[in-house]
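Here is the structure we will look at, set down as structure tokens.
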Amino acid sequence: MTISADHTARDAISTGQAGMPHEDALTEAVKKFGITAEDYMLPARHQIQMVDPDGRLIAEGEQGTEPGHEYPLPGDDELLAAYEQLVVGRRVNDQNSALVRQGRMAVYPSSHGQEACQVAAALCLSEGDWMFPTYRDAVAVMTRGVDPVQVMTIFRGDWHGGFDPLKHHVGIQCTPLTTQLLHAVGVAHAAKLRGEDTVVLAMCGDGATSEGDFHEALNFAAVFHLPVIFFVQNNKYAISVPLAHQSVAPSLAHKAVGYGMAGERVDGNDVVALLAVLDRAVKLAREGSGPLLVEANTYRMQAHTNADDDTRYRESAEVAEWRAKDPVNRMRTYLTDRGLLDSAGEDRIAAKAEAVAAQLREGLSEDVPVDPQELFRHVFARQTPQLKEQSALLADELARDVAASSQEAAK
Numbered sequence: 192m193t194i195s196a197d198h199t200a201r202d203a204i205s206t207g208q209a210g211m212p213h214e215d216a217l218t219e220a221v222k223k224f225g226i227t228a229e230d231y232m233l234p235a236r237h238q239i240q241m242v243d244p245d246g247r248l249i250a251e252g253e254q255g256t257e258p259g260h261e262y263p264l265p266g267d268d269e270l271l272a273a274y275e276q277l278v279v280g281r282r283v284n285d286q287n288s289a290l291v292r293q294g295r296m297a298v299y300p301s302s303h304g305q306e307a308c309q310v311a312a313a314l315c316l317s318e319g320d321w322m323f324p325t326y327r328d329a330v331a332v333m334t335r336g337v338d339p340v341q342v343m344t345i346f347r348g349d350w351h352g353g354f355d356p357l358k359h360h361v362g363i364q365c366t367p368l369t370t371q372l373l374h375a376v377g378v379a380h381a382a383k384l385r386g387e388d389t390v391v392l393a394m395c396g397d398g399a400t401s402e403g404d405f406h407e408a409l410n411f412a413a414v415f416h417l418p419v420i421f422f423v424q425n426n427k428y429a430i431s432v433p434l435a436h437q438s439v440a441p442s443l444a445h446k447a448v449g450y451g452m453a454g455e456r457v458d459g460n461d462v463v464a465l466l467a468v469l470d471r472a473v474k475l476a477r478e479g480s481g482p483l484l485v486e487a488n489t490y491r492m493q494a495h496t497n498a499d500d501d502t503r504y505r506e507s508a509e510v511a512e513w514r515a516k517d518p519v520n521r522m523r524t525y526l527t528d529r530g531l532l533d534s535a536g537e538d539r540i541a542a543k544a545e546a547v548a549a550q551l552r553e554g555l556s557e558d559v560p561v562d563p564q565e566l567f568r569h570v571f572a573r574q575t576p577q578l579k580e581q582s583a584l585l586a587d588e589l590a591r592d593v594a595a596s597s598q599e600a601a602k
């Protein structure tokens, strides 16, 4: 990626936080941990996991932590809030799948089974931070505070993204695999130049790590020492392509060291561990430690979209194995056993989830007025002569259709 045509970019490239050389900035970032820069950048030997699939808290010495990779248990209030969003997210995923079958949505890439990643990604950020999601991250966008109907507008085939990115500090969901990573880096770079303490979380899947934009985004973020967290949801398939056919690295988190940033692996179905890892990543990025790469090991329980037949490339036994690791059931058991969740709390959360589902059914059943001229209105800030000509031709054709229908009705 070319930064400048002259040599004035040299100082910008070679300096990190507060004008210090990048290597010195990295050294300063790891001093507090008492480990080497290499140990800081490489992920812990084992993925971070705090609650096992049966909902039991894992002994601290077996959570995968080690010096420089230590994570405190999130607070009870944060865990309860996360569970509520997990339940709502699961209900939204299932409701949207039904709306697609009813023809009220054109397509929906479900995150059923990945809700823990979705919720943690949104809850770890402060109000002024930015999130850049993928097409599968509708639950994360909704958890960030965007109206559910606005979030789903893009999936009914409308021409716009449904919500104002600036208002919510959330980028429009991207269908291309990695374009949002470049957008995220750009926002982080702008925030740093302005002296803001903004942290940017850029979401992608395992398939995105095979794209050139992934390399460019990570390299730029590392060179400019930007406050970006690259959050990879490794759900084991890039549509039908398994991870083994994409990368033979020990893990996707190991890719971080090649760019000079910290990497970490976490159980993507364990919302407790996810919150702990992402909360710490946001804190480090805000303090000036530079970018970080977090890989969450999870699984897409349903098909890629409603147009996909997942039985052609994976076995039902594999799906059943991951169903036993369900993040919603795991968190429900953990909170119930700790006495933090009772039947009254469950009923309240279930009622909220049903209310959101009803809001989606009602909002996505409304007929949206169609203006054909929108085909030309927002292509360029100033319409080209060709677009003006095409717009006039369509207007004339529509007017003739109306006149012909009126004449036919008058007979």
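With positions in the sequence shown counted from 1, the corresponding number in our numbering is that position plus 191.
All residues carry an ideal CB built from backbone N, CA and C; glycine is no exception.
- Here Ile345 is buried: its Cβ has 16 or more other Cβ atoms, across all protein chains shown, within 10 Å.
- Of Gly294, Ala546 and Ser302, the smallest CA-CA separation from Asp285 is found for Ser302.
- No residue range can be given for Ala435, since it is assigned to no alpha helix (DSSP H) and is classified by DSSP as neither H nor E.
- The DSSP-derived three-state label of Leu368 is coil.
- Taking a cut-off of 8 Å on C-beta distances, the stretch 375-383 touches the stretch 405-421, as three or more cross pairs fall below it.
- When beta bridges are read from the DSSP output, Met322 appears opposite Val361 and Leu392.
- Looking at the DSSP output, Phe567 shares a beta bridge with no other residue.
- At a Cβ-Cβ threshold of 8 Å, Gly454 and Ala464 do not count as neighbours.
- Taking a C-beta distance under 8 Å as the contact criterion, Thr366 and Tyr326 qualify as a contact pair.
- By the Cβ rule, the stretch 352-365 does not count as touching the stretch 426-440, because fewer than three pairs are nearer than 8 Å.
- Leaving aside the five residues that flank Leu555 on each side, the residues in its chain whose CB is nearer than 8 Å to its CB run, in chain order, Leu290, Arg295, Met296, Val340, Met343 and Arg347.
- Annotation for Leu217: Ala228 place their beta carbon closer than 6 Å to its own, counting only its chain and skipping 5 residues before and after.
- According to the DSSP assignment, Ala311 belongs to the alpha helix (DSSP H) that extends over Glu306 to Leu314.
- By alpha-carbon distance to Ser507, the top candidate from Ala494, Leu566, Met241 and Ala393 is Ala494.
- Nearest in C-alpha terms to Arg491, of all of Gly481, Tyr504, Leu483 and Gly479, is Tyr504.
- Around the beta carbon of Asp397, a 10 Å sphere encloses 16 or more other beta carbons of the protein chains shown; the residue is thus reported as buried.
- Going by DSSP, Arg514 is part of the alpha helix (DSSP H) stretching over Ser507 to Arg514.
- In the three-state scheme derived from DSSP, where H, G and I count as helix and E and B as strand, Arg281 is classed as helix.
- In the DSSP assignment, Asn425 falls outside any alpha helix (DSSP H) and within the unbroken beta strand (DSSP E) covering Val419 to Asn425.
- Between the alpha carbons of Gln550 and Pro441 lies a distance of about 44 Å.
- If you look at Arg335, you'll find it isn't in any alpha helix (DSSP H); DSSP assigns it neither H nor E.
- Setting aside the 5 residues that flank it on each side, Thr496 is surrounded in the same chain by Val298 and Pro300, each with a C-beta closer than 6 Å to its C-beta; the list follows chain order.
- In summary, Leu469 is buried, with 16 or more beta-carbon neighbours lying within 10 Å of its beta-carbon over all protein chains present.
- Sorting Ala313, Pro560, Met522 and Arg282 by C-alpha distance to the C-alpha of Asn460 places Met522 at the top.
- When secondary structure is reduced to three states using DSSP, Ile345 falls in the helix class.
- Shortest Cα-Cα distance from Pro265 to any of Leu484, Met241 and Glu402 involves Met241.
- In the three-state reduction of the DSSP assignment, Val457 falls in the strand class.
- In terms of CA proximity to Gly319, Ala382 leads the group Asp501, Ala382 and Glu275.
- For Gly449, the closest of Val473, Pro263, Val337 and Phe405 by C-alpha to C-alpha distance is Phe405.
- When the five nearest sequence neighbours on each side are left out, the beta carbons in the same chain lying within less than 8 Å of the beta carbon of Gly352 are those of Thr344, Ile345, Ile363 and Gln364, in order along the chain.
- In this model, Leu526 and Ala542 are separated by some 18 Å (Cα to Cα).
- If you compare the alpha carbons of Thr256, His416 and Val279 with that of Glu219, the shortest gap goes to His416.
- Inclusion of Arg281 and Glu306 in the CB contact set at 8 Å is warranted, their separation being smaller than that value.
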